[in-house]
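In what follows, a structure is listed as structure tokens, so that the remarks can point back to it.
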Amino acid sequence: MKICQLCAVDFTLKRLIIPLVDAQLNQGHFVKSVCSFGGHLDDLKRKGYKIEVIPIERNLSPVKGLVSIWRLFLFFRRESFDVVHVHTPVAAFLARIAAFFARVPLVVYTAHGFYFHDEMPALKRLIFISAEIAMRPLTDLLFTQSQEDAVNAASLKIMNKKRIFYIGNGVDTKRFNPAVKYNIEDLNLPKDKVVIGMVSRLVQEKGIVEFLDAAKKLALDYSHVYFLLVGSRLPSDYDSSVDSAIQDAETVLGNRLILAGEREDIPGLLASMDIFCLPSWREGMPRSIIEAMMMELPVVATNIRGSREEVVEGETGFLVPVKNVNRLHEKLEYLVNNPEIRKRIGRSGRSRAMRLYDEDVVINRQLELISKYTIND
Numbered sequence: 001m002k003i004c005q006l007c008a009v010d011f012t013l014k015r016l017i018i019p020l021v022d023a024q025l026n027q028g029h030f031v032k033s034v035c036s037f038g039g040h041l042d043d044l045k046r047k048g049y050k051i052e053v054i055p056i057e058r059n060l061s062p063v064k065g066l067v068s069i070w071r072l073f074l075f076f077r078r079e080s081f082d083v084v085h086v087h088t089p090v091a092a093f094l095a096r097i098a099a100f101f102a103r104v105p106l107v108v109y110t111a112h113g114f115y116f117h118d119e120m121p122a123l124k125r126l127i128f129i130s131a132e133i134a135m136r137p138l139t140d141l142l143f144t145q146s147q148e149d150a151v152n153a154a155s156l157k158i159m160n161k162k163r164i165f166y167i168g169n170g171v172d173t174k175r176f177n178p179a180v181k182y183n184i185e186d187l188n189l190p191k192d193k194v195v196i197g198m199v200s201r202l203v204q205e206k207g208i209v210e211f212l213d214a215a216k217k218l219a220l221d222y223s224h225v226y227f228l229l230v231g232s233r234l235p236s237d238y239d240s241s242v243d244s245a246i247q248d249a250e251t252v253l254g255n256r257l258i259l260a261g262e263r264e265d266i267p268g269l270l271a272s273m274d275i276f277c278l279p280s281w282r283e284g285m286p287r288s289i290i291e292a293m294m295m296e297l298p299v300v301a302t303n304i305r306g307s308r309e310e311v312v313e314g315e316t317g318f319l320v321p322v323k324n325v326n327r328l329h330e331k332l333e334y335l336v337n338n339p340e341i342r343k344r345i346g347r348s349g350r351s352r353a354m355r356l357y358d359e360d361v362v363i364n365r366q367l368e369l370i371s372k373y374t375i376n377d
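First residue of the sequence shown? That's 1 in the UniProt record's numbering, and the numbers climb one at a time after it.
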């Protein structure tokens, strides 16, 4: 088969889609990926991946959107793909229009997390739901990473129930292994302290401000607690509102706040933590929580789609309301004061992650479904 994997940015391609590309290549398929230009492309191309660079804005602009549709249409016509598999909301919207006019035989859409969510204003939410419904005739299969999205897709008639498939999300169980001894020296992480960490893009909706506010409150009473923030902003992230919050936290926390930036050695960094935190405003099915659970970390996250599917209250972590710094502080403080409970919860998280979130299982589900529907259709 000739397959196209498409998303808006190269970060998504590298972090989320390449394992699926590898599996399809191993099956003997021709796979070409599409995304906008970014800093990860040279590395991916050096490794031999076939990539077409077509600008796709993450924030939809009518003029730029039409240009992207036209370029994608020409690309699809030229390549004659058997399957176009689209990811991320705006890229998926534009590419499905182009694929329809290019008469691509099978169009697959993976919803890593529908753009609409519970906290969104009603009118805005209705607009995004309507956009998803409008794409129904242009979509052959809908894969969802969260069970909640699968239920919503059916109840809101975004897709025919028979063409909605919950595939889940997963990580490499061999890479995220707490039994491995990691050596992270460049960050000068203390070995006899409690480290609370977060791995995410540095944007407001990830709950960065709430994390830092809770950190400042904890720091007043616990001099042995340190805070590790791993991540950066993508070039397509226009939100710089967290910069002042980070600067303020640096002033208050000093060397107890460690800003690691974007890193490749995530398993080692997680191994350096004692507690993982993700107070996002919205998520799809957050991979960072799964990675933390694989590394036997207790998790404190917000009670939102995806996170509440991964975190079992009191068993693998705790869920707190969105934007509620006091509750976030309360649960983090509880874990700081109870090392044995941290260990018990961490072990439970690892067990749950191994059972439900194995990347190989998630990939195989997709391979089987795509193979089935290319044969049947």
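Just so it is clear, CB atoms sit at the ideal spot from N, CA and C, and this is done for glycine as well.
Quick check on I304: does DSSP put it in helix, strand or coil?
Looking up residue 304 in the sequence shown gives position 304. Looking at I304 - three-state DSSP - the assignment turns out to be coil, as it is neither helix nor strand.
Taking 7 angstroms as the threshold (C-beta atoms), are G306 and E291 in contact?
Walking along the sequence shown from the start, residue 291 turns up at place 291. Walking along the sequence shown from the start, residue 306 turns up at place 306. No, they are not a contact pair.
Who are the Cβ neighbours of T316 in its own chain at under 7 angstroms, not counting the five residues just before and after it?
As a position in the sequence shown, residue 316 is number 316, starting the count at 1. Correct list, in chain order: M293, V299, I345, S348, G349, R352.
Could you tell me whether the stretch 3-21 touches the stretch 78-90, using the rule of 3 or more Cβ pairs below 8 angstroms?
Result yes; three or more Cβ-Cβ pairs closer than 8 angstroms.
Enumerate, from N- to C-terminal direction, the unbroken beta strand (DSSP E) stretches of 3 or more residues contained entirely within the stretch 162-203.
Listed in chain order, the complete beta strand (DSSP E) runs (minimum 3 residues) inside the stretch 162-203 are 164-166, 194-199.
Could you pull the DSSP bridge partners for Q24 from this structure?
Numbered from its first residue, the sequence shown carries residue 24 at position 24. According to DSSP, Q24 bridges with nothing at all.
May I ask you to verify whether the stretch 181-193 touches the stretch 327-342, counting CB pairs closer than 8 angstroms and requiring at least 3?
Short answer: they don't touch.
Just confirm the distance between the C-beta atoms of F227 and L187, as a whole number of angstroms; I'd bet it's less than 8 angstroms.
Here residue 227 corresponds to residue number 227 of the sequence shown, with the count starting at 1. Here residue 187 corresponds to residue number 187 of the sequence shown, with the count starting at 1. About 12 angstroms; that fails the 8 angstroms criterion.
Based on DSSP bridge pairs, tell me the residues matched to D358.
On the sequence shown, position 358 is the one that residue 358 refers to. Answer is V171.
Spatial neighbours of L25 within its chain, please: CB distance less than 8 angstroms, with the 5 preceding and 5 following residues excluded, ordered by chain position.
For the purposes of this step, residue 25 is identified with residue 25 of the sequence shown, where counting begins at 1. The answer, listed in chain order, is V31.
Sorted by chain position, which residues of the same chain lie with C-beta nearer than 6 angstroms to Y109's C-beta, five sequence neighbours on each side aside?
If you number the sequence shown from 1, residue 109 lands on position 109. Excluding residues within five positions, the ones whose Cβ falls inside 6 angstroms are V86, A92, T139, L142.
Classify L253 as helix, strand or coil using the three-state DSSP reduction.
Here the question's residue 253 lines up with position 253 in the sequence shown. Here L253 sits in helix by DSSP.
Only counting the same chain, and skipping five residues up and downstream in sequence, which positions put a Cβ closer than 8 angstroms to that of L106?
Locating residue 106 in the sequence shown gives position 106, where the first residue counts as 1. Contacts found: D82, V83, V84, D140, L141, I370, Y373, T374, D377.
For E262, which of helix, strand or coil comes out of DSSP?
Locating residue 262 in the sequence shown gives position 262, counting from the first residue. E262: coil per DSSP, three-state reduction.
Per DSSP, which residues does I208 bridge with? Please list them.
For the purposes of this step, residue 208 is identified with residue 208 of the sequence shown, where counting begins at 1. In the DSSP output, where bridge partners are listed per residue, I208 has none listed.
Which of the three DSSP states, helix, strand or coil, is assigned to H87?
As a working note, residue 87 is residue 87 in the sequence shown. DSSP places H87 in strand when its eight states are reduced to three.
Looking at C-beta atoms only, is the number of pairs between the stretch 265-273 and the stretch 205-218 that lie closer than 8 angstroms three or more?
Contact fails: fewer than three Cβ-Cβ distances are below 8 angstroms.
Please report the Cβ distance between I258 and L189, rounded to the nearest whole angstrom; I am assuming they are in contact, meaning their Cβ atoms lie under 8 angstroms.
Indexing the sequence shown from 1 puts residue 258 at position 258. Indexing the sequence shown from 1 puts residue 189 at position 189. That belief holds up - the Cβ atoms of I258 and L189 are roughly 7 angstroms apart, short of 8 angstroms.
Less than 7 angstroms between the C-beta atoms of Y115 and P89, yes or no?
Against the sequence shown, residue 115 aligns to sequence position 115. Against the sequence shown, residue 89 aligns to sequence position 89. For Y115 and P89, yes; Cβs fall inside 7 angstroms.
Just confirm the distance between the C-beta atoms of R256 and G231, as a whole number of angstroms; I'd bet it's less than 8 angstroms.
Here residue 256 corresponds to residue number 256 of the sequence shown, with the count starting at 1. Here residue 231 corresponds to residue number 231 of the sequence shown, with the count starting at 1. 18 angstroms between Cβ atoms; not a contact.
How many angstroms separate the CA atom of K124 from the CA atom of Q247?
As a working note, residue 124 is residue 124 in the sequence shown. As a working note, residue 247 is residue 247 in the sequence shown. Rounded to the nearest angstrom, the two C-alpha atoms are 32 angstroms apart.
Would you list the residues sitting across from C35 in a DSSP beta bridge?
On the sequence shown, residue 35 is found 35 positions in, with the first residue counted as 1. Paired residues: V53.
Looking at the strands, I want to know which residues DSSP matches up with E79.
The residue labelled residue 79 in the question sits at position 79 within the sequence shown. According to DSSP, which records beta bridges pairwise, E79 is partnered with nothing at all.
May I ask you to list the residues that DSSP assigns as paired with Y373?
The sequence position of residue 373 within the sequence shown is 373, counting from 1. Note: Y373 sits in no beta bridge, so no partner.
Helix, strand or coil: how does DSSP classify V230 here?
In the sequence shown, residue 230 corresponds to position 230, counting from 1. Three-state result, V230: strand.
Please give the ranges of any alpha helix (DSSP H) in the stretch 81-143, keeping only runs that are unbroken, at least 4 residues long and fully inside the region.
List check, alpha helix (DSSP H) in window: 89-101, 122-134.
I'd like the span of the alpha helix (DSSP H) that includes L41, first residue to last.
Walking along the sequence shown from the start, residue 41 turns up at place 41. Start and end: 41-46.
What are the start and end residues of the alpha helix (DSSP H) that includes Q147?
The sequence position of residue 147 within the sequence shown is 147, counting from 1. Element bounds for Q147: 147-155.
So what does DSSP say about K323, is it helix, strand or coil?
What you label residue 323 is simply residue 323 of the sequence shown in a count that begins at 1. The answer is coil: DSSP assigns K323 none of H, G, I, E or B.
Ignore the nearest five residues each way along the sequence and tell me which others in K193's own chain have a CB closer than 6 angstroms to its CB.
Here residue 193 is taken as the residue at index 193 of the sequence shown, counted from 1. Around K193: H224, Y226.
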